[in-house]
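Engineer:
2 protein chains.
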Amino acid sequence: MLIDALQFSKPGRERFQEWRDAGLAAVHVTTAIWEDSTETMRELGRWQRLLTEHADLLTEGRGADDIRAAKAEGRTAVVFGFQNSTPFEDDLDLVGAFHQAGVRIAQLTYNTQNSAGAGCWEHEDTGLSRTYGVNLIREMNQVGMLVDVSHCNERTCLEAFEASEKPVAITHANPRDYVGGDVELAVRNKSADVLKTMAQQDGVIGLSMYPRLAPNGTDCSLDDFCDMVAWTVDLIGVDHVGLGSDFYTGHGDEELVWWRQGRWSRSPMVPISGVVEFPGWFDAAKGYRDVLDGLRKRGMTDEEVAKVAGENWLRLFDATFGTFHKQAG
Amino acid sequence: MLIDALQFSKPGRERFQEWRDAGLAAVHVTTAIWEDSTETMRELGRWQRLLTEHADLLTEGRGADDIRAAKAEGRTAVVFGFQNSTPFEDDLDLVGAFHQAGVRIAQLTYNTQNSAGAGCWEHEDTGLSRTYGVNLIREMNQVGMLVDVSHCNERTCLEAFEASEKPVAITHANPRDYVGGDVELAVRNKSADVLKTMAQQDGVIGLSMYPRLAPNGTDCSLDDFCDMVAWTVDLIGVDHVGLGSDFYTGHGDEELVWWRQGRWSRSPMVPISGVVEFPGWFDAAKGYRDVLDGLRKRGMTDEEVAKVAGENWLRLFDATFGTFHKQAG
């Protein structure tokens with residue numbers, strides 16, 4: 051059971067074939083960064099067309115059972131998610147509406163402050179709003195949408211854990227204490243406090259090979275990555291660590307500019323250094339297997355490796371995705 | 051020159067006639083609270099229709115000169131504003147677009163946190179976002195839209211003053227130190243620190259008879275109000291005090307619920323105690339004159355009373371409203 055808890059490549063058959071070659075039972079894909087509700091519905095519509103056109107390779111992952119079925123059928127379940135809460139437009143009813151449309155995971159914020167909370171580029175003392183932020187998490191808990199705090203700042207993460215009645219995910223980030231402050235987007239990584247609190251609530255972090263967050267940055271080796279996985283397992287336990295590569299390819303500078311500054315800025319706050327090259331060893335098809343082999347070499351049992359590979363995500367999805375209209379409160 | 055820097059009554063000829071009877075040269079009206087860009091454009095369209103239908107009483111106030119002309123013609127200039135930045139949808143281009151559509155004043159936030167800053171119902175340590183918040187103020191400065199922090203919390207006010215190159219308004223609020231903590235919405239009132247910093251930058255506060263903010267609350271007398279005006283003039287100087295009644299009438303509970311909780315909550319965070327009764331002495335047509343008489347009785351000169359009545363707002367509008375397509379940076 052292999053699951054990647056975040057990829058954001060330009061979708062197309064080449065990618066979908068890679069997913070199959072890698073043996074991925076599920077990939078969480080991004081359908082919104084700064085988009086509003088209408089723009090996001092259009093993107094979901096484009097994905098529905100892709101699911102139909104490439105039904106030999108893909109299926110939709112609305113629940114953990116869809117992922118189990120996908121694995122059995124030799125297909126990859128696509129789990130739809132947002133990297134920001136902009137599509138909800140501060141309207142609680144839109145949370146249920148997007149759940150109906152298939153969305154199962156949403157970050158409260160991207161890198162900046164919004165009505166719900168604060169991203170990692172803001173001051174550290176700004177957190178979850180006690181108004182919409184608390185209500186949004188309650189609504190997501192209720193309709194069955196997994197709360198993701200991957201890009202939130204420290205205080206928003208901690209307050210989100212407190213506000214959520216269900217476990218919370220960090221789909222793609224790394225431990226700050228391990229990686230250190232030298233990587234380009236070090237501020238995106240998570241403190242030990244955040245990781246431990248997430249784990250206490252039975253949440254899961256997806257560790258990433260994204261060079262701007264990874265140990266040794268662009269020089270991150272397979273060993274560097276596996277060492278980080280082992281270190282994180284030691285810190286918070288093997289039940290709370292998974293993979294969330296943040297892998298992307300196929301996008302140009304225009305998309306990068308959109309991700310970095312949306313429409314809220316006329317210039318980048320963080321230098322835009324071009325589309326990133328992922329480490330050579332992280333071949334989209336083969337890289338996952340090499341990581342899992344590396345973990346076995348570090349003394350992890352098959353059962354432990356299976357948890358990191360995907361079983362932890364499956365447990366979390368079972369606990370948080372509502373697969374029906376609305377879950378009972 | 052009499053200007054009310056905020057009224058939010060249901061618009062109609064009865065109100066417009068009252069404005070004329072009061073001798074109001076300008077009224078700043080609210081066209082958005084939680085509305086998005088499309089909803090706000092529709093509201094502005096409804097107002098354009100009203101301006102046409104009631105052109106004997108009304109004109110549009112896009113610049114201070116429009117207000118001077120309105121006074122000379124015996125009409126009231128309507129100045130369009132927002133009590134929140136939701137219509138901009140975090141898109142800097144929409145600031146200029148709404149300026150083109152006639153909007154000249156906008157609050158950064160209503161009562162809650164958004165991408166730009168935090169309202170008075172949030173934690174006090176959440177402030178202006180260093181991302182969109184700073185950029186939004188720069189854009190408003192540039193296109194000629196007055197920044198209003200009436201509903202912002204302490205830190206957001208102070209950081210907005212710092213970020214703005216032009217004076218900032220508090221169109222409707224009262225001094226917290228004078229009114230005290232017993233009124234229903236005491237948290238909406240402003241600290242001495244905020245008032246002084248605003249004044250140093252040549253901003254203006256509009257003092258309000260709204261019983262939930264006013265001295266002695268629902269029992270606020272004409273004397274109570276005039277004493278507060280005099281106290282505020284003593285604190286920050288006569289150049290920085292004006293009127294901003296926050297007067298409203300004609301709305302029902304449904305509108306109150308919308309103002310208080312938008313779509314971001316399913317229940318009120320602050321009890322909804324019904325549509326407010328303004329003090330009996332604040333008759334919409336005669337109340338302003340009684341206040342100005344009361345100030346004269348407290349020893350203010352005609353020149354000083356004129357400043358409070360409207361000249362201060364006119365100076366601030368001259369300094370901040372762009373009347374052309376775009377002002378030079």
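Top to bottom, those sequences are chains C and V. Convert by adding 50 to the 1-based position in the first sequence; the result is the number in the numbering used here. Convert by adding 50 to the 1-based position in the second sequence; the result is the number in the numbering used here. Backbone N, C-alpha and C define an ideal beta-carbon position, used for all residues, glycine too.
Please report the residue range of the alpha helix (DSSP H) in which residue 149 (chain V) lies.
Structural biologist: Where residue 149 (chain V) is concerned, the enclosing alpha helix (DSSP H) stretches over 142-150.
Engineer: Closer than 6 Å by C-beta to residue 290 (chain C): which residues in its own chain qualify, once you throw out the five before and the five after it? Chain order, please.
Structural biologist: Only 249, 254 meet the Cβ criterion.
Engineer: Could you give the distance in angstroms between the alpha-carbon of residue 111 (chain V) and the alpha-carbon of residue 118 (chain V)?
Structural biologist: Using only the alpha carbons, I get a separation of about 9 Å.
Engineer: Starting from the C-beta of residue 287 (chain V), find all residues in its chain whose C-beta is less than 8 Å away, skip the five residues before and the five after it, and write them out in chain order.
Structural biologist: So the qualifying residues of the chain are 249.
Engineer: Since residue 312 (chain C) meets chain V, which of its residues come closer than 9 Å, beta carbon to beta carbon?
Structural biologist: 140, 141, 182, listed in chain order.
Engineer: Assuming the contact rule is C-beta atoms closer than 8 Å, residue 130 (chain C) and residue 97 (chain C) should be a hit. Round their C-beta distance to whole Å, please.
Structural biologist: Contact holds; Cβ gap of about 7 Å.
Engineer: Express the C-alpha separation of residue 369 (chain V) and residue 284 (chain V) in angstroms, rounding to a whole number.
Structural biologist: Distance between the alpha carbons of residue 284 (chain V) and residue 369 (chain V): 24 Å.
Engineer: Any C-beta of chain V within less than 8 Å: which residues of the stretch 188-214 of chain C qualify?
Structural biologist: Listed in sequence order: no entries.
Engineer: Roughly how many whole angstroms lie between the Cα atoms of residue 64 (chain V) and residue 93 (chain V)?
Structural biologist: Using only the alpha carbons, I get a separation of about 19 Å.
Engineer: Counting only beta-carbon separations shorter than 8 Å, does residue 378 (chain C) have a partner in chain V?
Structural biologist: Summary for residue 378 (chain C): the model assigns pLDDT 44, below 50, so the residue's position carries little reliability; its value from the coordinates is reported in the next sentence. By this cut-off, residue 378 (chain C) is not an interface position.
Engineer: Taking the CB atoms as reference points, tell me whether residue 262 (chain V) and residue 235 (chain V) lie closer together than 8 Å.
Structural biologist: Yes; because the gap between Cβ atoms is below 8 Å, this pair is in contact.
Engineer: Taking 8 Å as the threshold (beta carbon to beta carbon), is residue 172 (chain V) in contact with chain C?
Structural biologist: Yes, residue 172 (chain V) lies at the interface with chain C (some Cβ there is under 8 Å from its Cβ).
Engineer: Use the C-beta contact count for residue 126 (chain V): other C-beta atoms within 10 angstroms, 16 or more gives buried, fewer gives exposed.
Structural biologist: Residue 126 (chain V) should be labelled buried.
Engineer: Identify, in the order they occur along the chain, each residue of the same chain with its Cβ nearer than 6 Å to the Cβ of residue 260 (chain V), setting aside the five sequence neighbours on each side.
Structural biologist: Within the same chain, residue 260 (chain V) has close Cβ partners 296.
Engineer: Where does the unbroken beta strand (DSSP E) through residue 256 (chain V) begin, and where does it stop?
Structural biologist: Here the beta strand (DSSP E) through residue 256 (chain V) covers 254-257.
Engineer: Mapping the DSSP letters down to three states, classify residue 251 (chain V) as helix, strand or coil.
Structural biologist: Note: residue 251 (chain V) maps to coil in three-state DSSP.
Engineer: Cutting at 6 Å between CB atoms, please list the residues of its own chain near residue 278 (chain V), excluding the five before and the five after it.
Structural biologist: Excluding positions up to five away in sequence, the list reads 228, 265.
Engineer: Which ranges does the beta strand (DSSP E) cover as unbroken runs of at least 3 residues, wholly within the stretch 286-371 of chain C, from first to last along the chain?
Structural biologist: For the stretch 286-371 of chain C, whole beta strand (DSSP E) runs of length 3 or above, ordered along the chain, are 291-293.
Engineer: Any Cβ of chain V within less than 8 Å of the Cβ of residue 15 (chain C)?
Structural biologist: What is shown of chain C runs 51 to 379, which leaves residue 15 (chain C) out entirely.
Engineer: Taking beta-carbon pairs under 8 Å, can you tell me which members of the stretch 310-334 of chain V lie near chain C?
Structural biologist: Hits within the stretch, in order: 312, 313, 314, 315, 316, 319.
Engineer: Are the C-beta of residue 157 (chain C) and some C-beta of chain V separated by less than 8 Å?
Structural biologist: Answer no: the Cβ-Cβ gap between residue 157 (chain C) and chain V never drops below 8 Å.
Engineer: Shorter than 8 Å from the beta carbon of residue 59 (chain C) to some beta carbon of chain V?
Structural biologist: No, its Cβ sits nowhere closer than 8 Å to a Cβ of chain V.
Engineer: Could you check where the beta strand (DSSP E) with residue 109 (chain V) kicks off and where it finishes?
Structural biologist: Per DSSP, residue 109 (chain V) belongs to the beta strand (DSSP E) from 108-110.
Engineer: Assuming the contact rule is C-beta atoms closer than 8 Å, residue 313 (chain C) and residue 52 (chain V) should be a hit. Round their C-beta distance to whole Å, please.
Structural biologist: With 8 Å as the limit, residue 313 (chain C) and residue 52 (chain V) do not qualify as a contact, their Cβ atoms being about 39 Å apart.
Engineer: Please compile the residues from chain C whose C-beta is within a distance smaller than 8 Å of the C-beta of residue 90 (chain V).
Structural biologist: Within 8 Å Cβ-Cβ: nothing; residue 90 (chain V) doesn't reach chain C, min ~13 Å.
Engineer: Can you give, in chain order, each stretch of the beta strand (DSSP E) that sits fully within the stretch 145-210 of chain V and has at least 3 residues?
Structural biologist: Runs of the beta strand (DSSP E) inside the stretch 145-210 of chain V: 153-157, 196-198.
Engineer: Out of C:251, C:226, C:252, which has the shortest C-alpha to C-alpha gap to residue 258 (chain C)?
Structural biologist: Of the listed residues, the one whose Cα sits closest to residue 258 (chain C) is C:226.
Engineer: Residue ranges of each alpha helix (DSSP H) run of no fewer than 4 residues wholly in the stretch 224-248 of chain V, ordered along the chain?
Structural biologist: Fully enclosed alpha helix (DSSP H) runs of 4 or longer: 226-229.
Engineer: Would you please verify whether the beta carbon of residue 64 (chain C) is less than 8 Å from any beta carbon of chain V?
Structural biologist: Not an interface residue.
Engineer: Taking the alpha carbon of residue 73 (chain V) as the reference point, which residue from V:124, V:114, V:191 has its own alpha carbon closest?
Structural biologist: Nearest of V:124, V:114, V:191 to residue 73 (chain V), Cα basis: V:124.
Engineer: Applying the 10 Å Cβ sphere with the 16-neighbour rule, what's the burial state of residue 349 (chain C)?
Structural biologist: Residue 349 (chain C) comes out exposed.
Engineer: So the candidates are C:302, C:308, C:61, C:318; which of them puts its Cα closest to the Cα of residue 327 (chain C)?
Structural biologist: Of the listed residues, the one whose Cα sits closest to residue 327 (chain C) is C:302.
Engineer: How about the stretch 164-176 of chain V and the stretch 320-338 of chain C: do they share at least three Cβ pairs that are nearer than 8 Å?
Structural biologist: No, they do not touch.
Engineer: Return the chain-ordered list of same chain residues with a C-beta closer than 8 Å to the C-beta of residue 361 (chain V), the five sequence neighbours on each side being excluded.
Structural biologist: So the list reads 51, once near-sequence residues are dropped.
Engineer: For residue 280 (chain C), name the three-state secondary structure that DSSP assigns.
Structural biologist: Of the three classes helix, strand and coil, the one that applies to residue 280 (chain C) here is helix, per DSSP.
Engineer: Look at the Cβ atom of residue 191 (chain V), then the Cβ atom of residue 214 (chain V), and state whether they are nearer than 8 Å.
Structural biologist: Taking 8 Å as the Cβ cut-off, residue 191 (chain V) and residue 214 (chain V) qualify as a contacting pair.
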